[in-house]
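Enquirer:
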Amino acid sequence: MDKTYQPSAIETQWYKTWEEKGYFKPSGDGAPYCIMIPPPNVTGSLHMGHGFNNAIMDTLVRYHRMKGHNTLWQVGTDHAGIATQMVVERQLSAQGVSRHDLGRENFLDKVWEWKAESGGNITRQLRRLGSSVDWSRERFTMDPGLSDAVQEVFVRLYDEGLIYRGKRLVNWDPKFNTAISDLEVISEDEQGSMWHFRYPLEDGSGHLVVATTRPETMLGDTAVAVDPEDERYQHLVGKNIVLPITGRIIPIIADEYVDKEFGTGCVKITPAHDFNDYEVGKRHNLPLINVFDRNAHILGEFTVLTFDGYESSHGEKAPESYVGVERFAARKQIVAEMESLGLLEKIEPHTLKVPRGDRSGDVIEPWLTDQWYVKTADLAKPAIEAVEDGRIQFVPKQYENMYFSWMRDIQDWCISRQLWWGHRIPAWYDNHGNVYVGRDEAEVRSKYSLGDDVSLQQDDDVLDTWFSSALWTFSTLGWPEQTPELKTFHPTDVLVTGFDIIFFWVARMIMMTMHFMKNEDGTPQIPFKTVYVHGLVRDSQGQKMSKSKGNVLDPIDLIDGIDLEALVAKRTSGMMQPQLAQKIEKQTRKEFADGIAAYGTDALRFTFCSLAATGRDIKFDLGRIEGYRNFCNKIWNATRYVLMNCEDQDCAQDGSDDFELTVADRWIISQLQETETAVAHAIETFRFDLASQALYEFVWNQYCDWYLELSKPVLWDESASETLKKGTRRTLIRVLEAILRMAHPMMPFITEEIWQTIKGLAGKSGDSIMLQPFPRGELGKVDAEAVENIEWLKHVIVGLRNIRGEMKIADSRKITTLFRNGSAADQQRLETNRQFLTRLANLEEATWLEASAEAPLSATALVGDMEILVPMAGLIDVAAETARLTKEIDKLQKDMARVEGKLNNPGFVDKAPAEVVQKEKDKLADMSSTVGKLEEQVAKLAEL
RNA sequence: AGGACUAUAGCUCAGUUGGUUAGAGCGCUACCUUGACAUGGUAGAGGUCCCCAGUUCGAAUCUGGGUAGUCCUACCA
């Protein structure tokens, strides 16, 4: 083995082997265990959030596979409607071609081509992360099977009255020309203006002043509203306004929606272009006047509708100079015209929330269109109950509140999108606008008894990508077919996801699954039993990672490393806002002056696990991953030591029992049991941070720091018996092998690599560590006596090291040690551990003194009552030793004062449990005796 | 505006049902290339557990109130 750990040399080859041998597939034996991957965008690439998410899922999956479960990690991708169509359209536009030039079919061919070209990216990255997904079952939301499921669900929901088509005000993205759902709209504070306009009264008796942030919508105003309680305006209610520019006569109405304290107390009402105004308009039966086309340019002729069946009438023309004008140009023009008419009262700066499309970044326009909706109220009810009664549990629990608050106030879900890339809506229209829903045109004709003379046309729109994602747990398992996989793996066990898609995905998945999947007794089947919600991965400053901030890290770059120039180039290329490039470059050069080292997948995954405390975001710090890369190196080098001492030697793995265990062997075996128990418990309770910590502590601070050192006096001692040496080799190799299995779910590659090297020595013969059983800690094997012994030994050694450190005695210099005043047990322990002690503390000799014996002037350490004396002859600086002891006495006295205070408090002695009181008493006695001994020693030093 | 979460060492974070002498890693200081490992070893420094009040014999931990930050939901033209 190389002297240092080189992750790049071992990782990819093992993944290939595992995959080729089919180890990722369900074994077919044992209790089923299933995790569904949150499908990433097929044409996208993985970011740190995916890395985090996958580290957790793979840890769970590998753990359960090793526990003998019939384990399936279902993998796949989604088609990401808007995002993907956007990319392809952008590529086309670079060649001066629009999708309309190509036509629907040709355009879709282009998208499929793009998918074929870029789709491998994601799957390649998943492999680099070591994710043990079953590739043979990979699914894509637009596969025929999944598309059938989507169609089936749509038709059934329609037939049950749970899907309907309607004209509504929707969030319209003028850039992509499609409706989007509420969730896809991001509203953030932006600086804008509040324009105050004078609206003249029809009777010429004056005017009202209305305030607006969106002057361009005034062309569609159909009323001015005031608070019914507002004395200033009460007398005007019922009168009319002459709307400037258009000349339209509109009423002044009273409505509680208006807040008389805000602005002027008068609100222009534009029911076709504002969600609140829409509601006001509905209450007062106002007309809806739509002034925009699909690109948010002013129409030549407005569409005028009524709330009564949305009957529309024609004839309302736009003022000529506005026809075809883009909305923000129209805004300027209106403000200018109002000003020239003397109707602009004032302009105030104003901060407002501007709704933008999360993909396009364009300002979203409330726009009146025909769309398809899922009626969610009935679907939400059982989905809420499933979480209320604990059939589905969120980890951490507080996310249940987030879920409830959204579900209990859920809005109908707009599922149609005016895109081409996606599942086309299975609805057909005749020439009279009647709608027919079915699996295909033939079915529609027979279902609705339509003759061949009726011409039918399919709806042009597609479904929201999340509509297909909502079916993910069962569609990927073959539904609507009743497949064996569906029967075996559904409901799935755990869903691992970020909180940001609880509404988008988790909630909708619960609703859809419970509606369509039923248990044998007809009760709804849940999609998963546990939802593990993890935090966001942020940069080292705690900032959200985003392309525009230029602070994104690619998990692959942490694995392979990247030099500074390449990182800068990566972060500043293809930017939406190129003006930020310079700033990003500067910041990147500062933070990553030496680029990023290659840390390897195992270190990355272990880092994610170590930071995965429940319910909090993680700040990703290079220091952490470096530390865990070093941890890998530690394991690597511990292995080299073990091999050096065990290779070609009898390690008692042939079933022989002619070996003997030292107290150190029995101690490390005890510690191993406890660690195995702790790691398994931590994984099962989703505390990956605790699992990684327990492992790290055991491997580094127990096995490497102590046990390997304790093995040396045995293995390197010419006079030690062969049976003891054999027992030590056996322990060395067996504990190492258990460590590897215990670490494997979190660090798959290094553990496999080493395991393959040492499995023979450890008496194992499997093909892969990933198919070996996860270690089961047996607390009954804990040898309390051995543990006490080694703890005693550690204390003695630490005491001696402390003296060496403070007295500046080089480790290489042998010292003589005297022991005094201990118990019989101490004496016994000294004999048991003499060999270990002599070597580890580099002692000349260790002698037991009679209690009454006079000791030479010494430096002292205490372990319990036992004194450890290091004679000073020429070694020790009296002043330094006095200072050292005084410091310790001070510290102890401070603690004693506190404990004494406690014990002198009658309240404590009377009310606290007896065992707690006794503990304090013992503590005080110990400290007091220690202080006594130390003071004695100080006095002795002072005599000189 | 409503709600959730967070606040512990210079930094990143643990701290399980109140019983602590408050821990880890990184960083820092000093020393050390000894035969697994300098991606290392040994020793050390470093904390008003955000603030205030309360409950309790006892609070980092529970309650109330504040402060700061993060996020979600709803938004007033």
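Remember, my numbering sits 226 above the position in the first sequence when you count from 1. Built from N, CA and C at the ideal position, the CB exists for glycine as well. In this text, all values refer to a predicted model and were calculated from it rather than measured experimentally.
Does the stretch 677-696 come close enough to the stretch 644-661 that 3 or more CB-CB pairs lie under 8 Å?
Expert: Yes: at least three Cβ pairs fall under 8 Å.
Enquirer: Taking the alpha-carbon positions, what's the Asn1131 to Val1089 distance?
Expert: As a working note, residue 1131 is residue 905 in the first sequence. As a working note, residue 1089 is residue 863 in the first sequence. Roughly 30 Å between the two C-alpha positions.
Enquirer: Measuring CB to CB, does Val468 end up less than 8 Å from Val450?
Expert: For the purposes of this step, residue 468 is identified with residue 242 of the first sequence, where counting begins at 1. For the purposes of this step, residue 450 is identified with residue 224 of the first sequence, where counting begins at 1. It is not a contact, given that the beta carbons lie outside the stated cut-off.
Enquirer: Report the rounded CA-to-CA distance for Phe554 versus Gly446, giving the unit in angstroms.
Expert: On the first sequence, residue 554 is found 328 positions in, with the first residue counted as 1. On the first sequence, residue 446 is found 220 positions in, with the first residue counted as 1. Their backbone Cα atoms lie some 15 Å apart in a straight line.
Enquirer: Output the boundary residues of the beta strand (DSSP E) element that contains Val720.
Expert: Here residue 720 corresponds to residue number 494 of the first sequence, with the count starting at 1. Run containing Val720: Thr718 to Gly724, per the beta strand (DSSP E) assignment.
Enquirer: To the nearest angstrom, how far is it from the Cα of Glu505 to the Cα of Pro497?
Expert: In the first sequence, residue 505 corresponds to position 279, counting from 1. In the first sequence, residue 497 corresponds to position 271, counting from 1. Cα to Cα, the separation comes out at about 7 Å.
Enquirer: What residue range does the beta strand (DSSP E) around Gly392 cover?
Expert: Residue numbering aside, residue 392 sits at position 166 when the first sequence is read from its first letter. Note, Gly392: beta strand (DSSP E), Ile389 to Asp399.
Enquirer: For the structure I just gave you, are there three or more beta carbon pairs, one from the stretch 266-274 and one from the stretch 297-313, closer than 8 Å?
Expert: Segments in contact, yes.
Enquirer: Could you tell me how far apart the beta carbons of Ile965 and Val1013 are, in whole angstroms, since I believe they sit closer than 8 Å?
Expert: Taking the first residue of the first sequence as 1, we reach residue 965 at position 739. Taking the first residue of the first sequence as 1, we reach residue 1013 at position 787. Incorrect: roughly 19 Å between the Cβ atoms, too far for contact.
Enquirer: Between which two residues does the beta strand (DSSP E) containing Ser362 stretch?
Expert: For this step, residue 362 is matched to residue 136 along the first sequence. Ser362 -> beta strand (DSSP E) spans Asp360 to Phe366.
Enquirer: Using only the alpha-carbon positions, how far apart do Gly491 and Ile478 sit?
Expert: As a position in the first sequence, residue 491 is number 265, starting the count at 1. As a position in the first sequence, residue 478 is number 252, starting the count at 1. Those two C-alpha atoms are separated by around 12 Å.
Enquirer: So what does DSSP say about Trp705, is it helix, strand or coil?
Expert: As a working note, residue 705 is residue 479 in the first sequence. It is coil, neither helix nor strand.
Enquirer: If distances are taken between C-alpha atoms only, which option among Gln1119, Thr532 and Lys558 comes closest to Gly1158?
Expert: As a position in the first sequence, residue 1158 is number 932, starting the count at 1. Nearest of Gln1119, Thr532 and Lys558 to Gly1158, Cα basis: Gln1119.
Enquirer: Select from Asp891, Lys990 and Leu921 the residue whose C-alpha is nearest the C-alpha of Gly953.
Expert: Within the first sequence, the letter at position 727 stands for residue 953. Ranking Asp891, Lys990 and Leu921 by Cα distance to Gly953 puts Asp891 first.
Enquirer: Report the rounded CA-to-CA distance for Gly473 versus Gly464, giving the unit in angstroms.
Expert: Against the first sequence, residue 473 aligns to sequence position 247. Against the first sequence, residue 464 aligns to sequence position 238. Using only the alpha carbons, I get a separation of about 18 Å.
Enquirer: With DSSP as the reference, please indicate the residues paired to Phe423 in a beta bridge.
Expert: Within the first sequence, numbered from 1, the residue matching residue 423 stands at position 197. Phe423 pairs with Val436 and Leu570.
Enquirer: Quick test of your reading: Trp340 and Val314, contact by CB under 8 Å. State the CB separation rounded to the nearest angstrom.
Expert: What you label residue 340 is simply residue 114 of the first sequence in a count that begins at 1. What you label residue 314 is simply residue 88 of the first sequence in a count that begins at 1. That pair is a contact at about 5 Å.
Enquirer: Would you list the one or two residues that DSSP bridges to Thr1073?
Expert: For this step, residue 1073 is matched to residue 847 along the first sequence. In DSSP, Thr1073 forms a bridge with Leu1044.
Enquirer: Give the DSSP bridge partners of Ala1087, in chain order.
Expert: The residue given as residue 1087 occupies position 861 in the first sequence. The partner list for Ala1087 (beta bridge, DSSP) reads Ile1094.
Enquirer: Locate the alpha helix (DSSP H) running through Pro1132, then write down its first and last residues.
Expert: The sequence position of residue 1132 within the first sequence is 906, counting from 1. Run containing Pro1132: Pro1132 to Lys1137, per the alpha helix (DSSP H) assignment.
Enquirer: Which term fits Met227, buried or exposed, when burial requires 16 or more other beta carbons within 10 angstroms of its beta carbon?
Expert: On the first sequence, residue 227 is found 1 positions in, with the first residue counted as 1. Exposed, by the Cβ-count rule.
Enquirer: Among Asn660, Gln897 and Arg956, which residue has its Cα nearest to the Cα of Leu887?
Expert: Position 661 of the first sequence, counting from 1, holds the residue named residue 887. That would be Arg956, whose Cα lies nearest to the Cα of Leu887.
Enquirer: To the nearest angstrom, how far is it from the Cα of Val1024 to the Cα of Lys1145?
Expert: Working through the first sequence from its first residue, we reach residue 1024 at position 798. Working through the first sequence from its first residue, we reach residue 1145 at position 919. Taking the straight line joining both Cα atoms gives about 25 Å.
Enquirer: Taking the beta carbon of His461 as the centre, do at least 16 other beta carbons fall within 10 Å, making it buried, or is it exposed?
Expert: Translated into positions along the first sequence, residue 461 becomes position 235. With fewer than 16 Cβ atoms within 10 Å of its Cβ, His461 is classed as exposed.
Enquirer: Quick check on the DSSP output: what are the complete beta strand (DSSP E) runs of length 3 or more inside the stretch 457-535, in order along the chain?
Expert: Qualifying beta strand (DSSP E) stretches, in chain order: 466-468, 475-480, 492-495, 514-518 and 524-531.
Enquirer: How about Asn1015 and Asn1059: do their beta carbons lie closer than 8 Å?
Expert: Position 789 of the first sequence, counted from the start, is the residue given in the question as residue 1015. Position 833 of the first sequence, counted from the start, is the residue given in the question as residue 1059. Result yes, Cβ atoms of Asn1015 and Asn1059 sit closer than 8 Å.
Enquirer: How many angstroms separate the CA atom of Phe402 from the CA atom of Leu352?
Expert: On the first sequence, position 176 is the one that residue 402 refers to. On the first sequence, position 126 is the one that residue 352 refers to. If you take the alpha carbons of Phe402 and Leu352, they lie about 31 Å apart.
Enquirer: Where does Glu1169 fall in DSSP's three states?
Expert: Along the first sequence, read from residue 1 onward, the residue named residue 1169 stands at position 943. In the structure shown, Glu1169 sits in a helix (DSSP, three-state: H, G or I).
Enquirer: Cα-Cα, which of Pro1082, Glu1017, Arg815 and Trp1018 is closest to Leu1044?
Expert: Position 818 of the first sequence, counting from 1, holds the residue named residue 1044. Closest option to Leu1044, Cα to Cα, is Pro1082.
Enquirer: May I ask you to report which of helix, strand or coil DSSP gives Phe278?
Expert: Your numbering for residue 278 matches position 52 in the first sequence. Phe278: helix per DSSP, three-state reduction.
Enquirer: Give a yes or no on whether the C-beta atoms belonging to Gly277 and Leu830 are separated by under 8 Å.
Expert: Residue mapping note: residue 277 aligns to position 51 of the first sequence, counting from 1. Residue mapping note: residue 830 aligns to position 604 of the first sequence, counting from 1. In contact: Gly277 and Leu830 (Cβ atoms closer than 8 Å).
Enquirer: Per DSSP, Asp596 forms a beta bridge with which residues?
Expert: The residue labelled residue 596 in the question sits at position 370 within the first sequence. Its beta-bridge partners are Lys393.
Enquirer: How is Pro1082 classed by DSSP in three states: helix, strand or coil?
Expert: The sequence position of residue 1082 within the first sequence is 856, counting from 1. In this structure, Pro1082 counts as coil in the three-state DSSP scheme.
Enquirer: Specify, as a first and last residue, the run of the alpha helix (DSSP H) that His295 falls within.
Expert: Along the first sequence, one-based indexing puts residue 295 at 69. No alpha helix (DSSP H) holds His295; DSSP gives it neither H nor E.
Enquirer: In chain order, what residues of the same chain have a beta carbon less than 6 Å from the beta carbon of Tyr854, not counting five sequence neighbours either side?
Expert: Numbered from its first residue, the first sequence carries residue 854 at position 628. Excluding positions up to five away in sequence, the list reads Ala829, Phe832 and Thr833.
Enquirer: Cutting at 6 Å between CB atoms, please list the residues of its own chain near Val493, excluding the five before and the five after it.
Expert: As a working mapping, residue 493 is identified with position 267 in the first sequence. For Val493, where only same-chain residues beyond five positions count, the Cβ hits under 6 Å are Ala451 and Val484.
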